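Residue 145 in the UniProt record's numbering sits at position 145 of the sequence shown, with consecutive numbering throughout.
Quick notes on the structure that follows.
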Amino acid sequence: MEIFQFLSRFNDPQWLFIDASIVKTHQDGANVKDASKQAIGKSRGGNSTKIHLAVDSSGLPVHFELSGGQAHDVSYAETLVTSSPEAEVVIADKGYDCEALRQLIKSRRGQHVIPRKGNSKQGNKDIDWCLYRYRHLVENAFLKIKKYRAVATRYDKLARNYESVVALAFSIMWLPMWVDMKYALQR
């Protein structure tokens with residue numbers, strides 16, 4: 001985890017994208033007495049874990065949290081935003097439609113690009129849809145780490161072990177960028 005935290009300090013804080021993705025838990029990894037403490041929850045597909053992720057403008061991860069699969073995205077949004085570096089703009093999908101989150105982003109001197117749900121009375125007239133289209137960066141981050149079998153299906157019983165596996169996968173994403181930065185600093 002420390003390696004990921006060290007590498008992610010060199011982020012590009014212009015934009016911050018937040019999202020979450022569900023990972024199924026293997027039956028051998030789900031035999032835990034208190035599953036809620038180990039970030040294992042029930043969802044439609046059975047036992048699962050949800051990875052809540054914040055990525056920077058380059059699509060590189062800066063912070064992540066684990067929760068049970070049934071946890072709503074917005075319940076971890078405050079932690080993602082406050083634990084990540086201050087960004088000029090925070091971009092998220094409709095799952096993060098919450099006035100408290102919008103106020104938190106404004107209090108951190110940022111702008112939010114979070115579309116409102118369809119049943120909202122206020123509408124989406126103030127959304128920067130061009131910037132919202134870049135949300136694929138956070139989706140691509142999930143795509144990259146789910147190529148690793150140990151991340152795509154959770155085999156670990158303990159949350160700390162699975163968190164280490166996810167942190168290792170995110171660190172591997174940072175390595176090409178880190179090598180480029182180190183080479184540039186030597187010149």
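Yeah, the Cβ is synthetic: ideal placement off N, Cα and C, and Gly gets one too.
Remember, predicted model here, so these are calculated numbers, not experimental data.
State the DSSP-derived secondary structure class of R154, mapped to helix, strand or coil.
strand
Selected residue, minimal CA-CA separation from V23, among D12, G45, S83:
G45
Of all the options K42, V89, N47, T25, which has the alpha carbon lying nearest to the alpha carbon of Y134?
V89
Three-way DSSP call (helix, strand, coil) for A167 in this model:
helix
Among A167, S107, D12, the one whose alpha carbon lies nearest that of D56
D12
One or two residues paired with T49 in a DSSP bridge
V23, G68
On the DSSP bridge assignment, give the partners of P61 in chain order.
V55
Pull up the distance between the alpha-carbon of E99 and that of N124, whole angstroms please.
14 Å
Local Cβ density within 10 Å of G118, reported as buried at 16 or more and exposed below that
exposed
Among Q103, S48, S107, which one has its Cα closest to the Cα of A20?
S48
Where the alpha helix (DSSP H) containing Q38 begins and where it ends
Segment: none, Q38 is in no alpha helix (DSSP H) and carries neither H nor E.
Top-ranked residue by Cα proximity to I40, from N161, K147, K146:
N161
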